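**Student:** Just so you know, the sequences run in chain order W and S. Mapping of the first sequence onto our numbering: residues 570 to 685, in sequence order. Mapping of the second sequence onto our numbering: residues 136 to 248, in sequence order. Don't be surprised by glycine CBs; every beta carbon is placed ideally from N, CA and C. Quick caveat: nothing in here was measured; it's all calculated off a predicted structure.
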Amino acid sequence: GAGVSQSPRYKVAKRGQDVALRCDPISGHVSLFWYQQALGQGPEFLTYFQNEAQLDKSGLPSDRFFAERPEGSVSTLKIQRTQQEDSAVYLCASSLASGGGGQPQHFGDGTRLSIL
Amino acid sequence: AQSVTQPDIHITVSEGASLELRCNYSYGATPYLFWYVQSPGQGLQLLLKYFSGDTLVQGIKGFEAEFKRSQSSFNLRKPSVHWSDAAEYFCAVGNNAGNMLTFGGGTRLMVKP
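In structure tokens, the structure reads:
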């Protein structure tokens, strides 16, 4: 597709349930990023992939959060035993090249996760 | 550690008036700086970026930004605001490794008719 695609757009889950959020990056983009955006705040970095390798997961808030990109394309962010504080918009971004701070990141429309 | 501060949470301007959104950053080396815009329910769209060279950069939709190293600032400007510019604006700094962006808290722009 032309841009970064995320699904679902909206997800409602009960506390304690597991959820999986999908990101389909721009074709050919090497780098993939996940961010968490709480209501009224700027996005915060969660994790980064270069192809299939997860090179940085320093932003994941707890061991309940897990991300993968097994074939270096589509990525899934999984949250186990969800808590109310996990409610946020989860943004995925991709960029063309690996390394180099100057590569702009292209964002999807996000998944709005609400935990009841 | 890198950080970004956007001092203004909300700004209201009249349509046709000029606009300046403030951004201050903290980064130990030459920064990679970005401005993104986010409309409700949408992802972030890149307006412009600064890597090096000319400190005044032009972006899409008539926006420009000026990098001032001495002030650690990267303010966004537009000479004449349109009603469609109402949105949330985020300033961000990228690290040299290119593996993360650090965002400010955002400025919500409202445009009066």
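Which one or two residues does DSSP pair with Ile684 of chain W in a beta bridge?
**Tutor:** Taking the first sequence and counting its residues from 1, the one referred to as residue 684 of chain W is at position 115. Note: Ile684 of chain W sits in a beta bridge opposite W:Ala582.
**Student:** At which residue ranges does the segment 154-220 of chain S contain complete alpha helix (DSSP H) runs of 4 or more residues, listed in the order of the chain?
**Tutor:** none
**Student:** What are the boundary residues of the beta strand (DSSP E) that includes Leu608 of chain W?
**Tutor:** The count along the first sequence starts at 1 and reaches residue 608 of chain W at position 39. Counting along the chain, Leu608 of chain W falls outside any beta strand (DSSP E), and DSSP gives it neither H nor E.
**Student:** Who pairs with Met245 of chain S in a beta bridge, going by DSSP?
**Tutor:** If you number the second sequence from 1, residue 245 of chain S lands on position 110. Within the DSSP secondary-structure output, Met245 of chain S pairs in a beta bridge with S:Thr147.
**Student:** Please report the distance separating the alpha-carbon of Glu249 of chain S from that of Cys592 of chain W.
**Tutor:** In the structure as shown, chain S begins at 136 and stops at 248. Residue 249 of chain S is therefore absent and cannot be evaluated.
**Student:** Whole angstroms is fine: what's the gap from Gln606 of chain W's alpha carbon to Pro166 of chain S's?
**Tutor:** Within the first sequence, the letter at position 37 stands for residue 606 of chain W. Within the second sequence, the letter at position 31 stands for residue 166 of chain S. In this structure, the alpha-carbon of Gln606 of chain W lies about 23 Å from that of Pro166 of chain S.
**Student:** If you run the structure through DSSP and keep just helix, strand and coil, what is Glu637 of chain W?
**Tutor:** Start at 1 with the first residue of the first sequence, and residue 637 of chain W comes out as number 68. Residue state, collapsed to three classes: strand.
**Student:** Determine the direct distance from the alpha carbon of Pro175 of chain S to that of Ser627 of chain W, and round the result to whole angstroms.
**Tutor:** What you label residue 627 of chain W is simply residue 58 of the first sequence in a count that begins at 1. What you label residue 175 of chain S is simply residue 40 of the second sequence in a count that begins at 1. One C-alpha to the other measures close to 28 Å.
**Student:** Would you say Phe209 of chain S lies against chain W (beta-carbon separation less than 8 Å)?
**Tutor:** Taking the second sequence and counting its residues from 1, the one referred to as residue 209 of chain S is at position 74. Not one chain W Cβ lies under 8 Å of Phe209 of chain S.
**Student:** Please tell me whether Gln137 of chain S and Tyr162 of chain S are closer than 8 Å, where the distance is taken between their beta carbons.
**Tutor:** One-based indexing of the second sequence puts residue 137 of chain S at position 2. One-based indexing of the second sequence puts residue 162 of chain S at position 27. A contact, by the Cβ cut-off of 8 Å.
**Student:** Would you identify the three-state DSSP class for Asp678 of chain W, choosing helix, strand or coil?
**Tutor:** By 1-based counting over the first sequence, the position of residue 678 of chain W is 109. Coil.
**Student:** With Leu665 of chain W as the anchor, note down where its beta strand (DSSP E) starts and where it stops.
**Tutor:** Here the question's residue 665 of chain W lines up with position 96 in the first sequence. Note, Leu665 of chain W: premise wrong, no beta strand (DSSP E); not H, not E.
**Student:** DSSP three-state call for Glu223 of chain S: helix, strand or coil?
**Tutor:** Counted from its first residue, the second sequence places residue 223 of chain S at position 88. In the structure shown, Glu223 of chain S sits in a strand (DSSP, three-state: E or B).
**Student:** Leaving out five residues before and five after Thr255 of chain S in sequence, what residues of the same chain have Cβ atoms less than 7 Å from its Cβ?
**Tutor:** Absent from the model: residue 255 of chain S. The displayed extent of chain S is 136 to 248, so no value can be given.
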